[in-house]
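Residue numbers (the working numbering): 8 to 203.
All remarks here apply to the structure that follows.
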């Protein structure tokens with residue numbers, strides 16, 4: 008119950024899961040529609056009051072075929088994640104990502120959390136990786152392989168929706184030639200051409 012309240016409070020505080028770095032909605036449509044693809048993973052966390060933290064992914068591929076929103080959180084005694092960035096390590100490939108963060112008070116401490124914008128390519132790489140590690144404001148965490156198995160379904164669902172629901176790329180009309188052009192039929196002509 009506390010986790011649900013904390014996540015709801017973060018959504019209200021930071022403009023929802025679909026907000027840019029300034030807290031503005033990514034698009035008017037995305038601000039109204041809930042994410043259609045989600046994955047909720049856990050990782051072991053020493054500083055957590057319950058022994059674990061959350062690594063939640065969400066996306067609306069029908070609105071944006073690239074973006075995946077990340078929420079990393081941990082129930083803790085105090086807030087520590089306010090540095091504004093995280094280091095994502097996928098099989099030794101290190102990338103620094105900007106975060107927005109904050110804490111939500113709970114009865115026994117805070118729900119310390121950060122949000123970040125990833126791409127579906129990050130998630131594809133995580134699904135195939137041997138290890139995925141994050142460093143947030145000096146705190147190191149690793150996603151266990153048994154939890155990362157959920158990422159295959161996330162990628163599959165993302166692709167299914169992104170490929171079949173989102174608008175397709177514009178393409179020029181095909182050139183079919185003069186035999187396929189529209190022609191006005193004259194009432195004095197026979198409906199079909201006479202055989203030659």
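In this text, a Cβ means the ideal position worked out from N, Cα and C, and glycines have one as well.
Distance, residue j Cα to residue i Cα
i: residue 62; j: residue 116; result: 19 Å
i: residue 42; j: residue 67; result: 5 Å
i: residue 122; j: residue 46; result: 14 Å
i: residue 133; j: residue 113; result: 31 Å
i: residue 54; j: residue 60; result: 9 Å
i: residue 90; j: residue 143; result: 8 Å
i: residue 130; j: residue 88; result: 22 Å
i: residue 137; j: residue 84; result: 32 Å
i: residue 164; j: residue 150; result: 21 Å
i: residue 147; j: residue 75; result: 22 Å
i: residue 154; j: residue 103; result: 23 Å
i: residue 140; j: residue 160; result: 20 Å
i: residue 92; j: residue 167; result: 31 Å
i: residue 34; j: residue 44; result: Caution is warranted here: a pLDDT of 47 is assigned to residue 34, below 50, making its placement in the model unreliable, and the coordinate value is therefore given only provisionally. Answer to the nearest angstrom: the Cα atoms are 17 Å apart.
i: residue 72; j: residue 40; result: 15 Å
i: residue 99; j: residue 107; result: 24 Å
i: residue 95; j: residue 77; result: 12 Å
Local Cβ density within 10 Å of residue i, reported as buried at 16 or more and exposed below that
i: residue 162; result: buried
i: residue 171; result: exposed
i: residue 145; result: exposed
i: residue 52; result: buried
i: residue 97; result: buried
i: residue 101; result: exposed
i: residue 70; result: buried
i: residue 169; result: buried
i: residue 82; result: buried
Residue closest to residue i, alpha-carbon to alpha-carbon, out of the options
i: residue 105; options: 82, 168 and 125; result: 125
i: residue 119; options: 164, 102, 56 and 101; result: 56
i: residue 48; options: 79, 58, 72 and 128; result: 79
Residue i vs residue j beta-carbon contact at 7 Å
i: residue 65; j: residue 86; result: no
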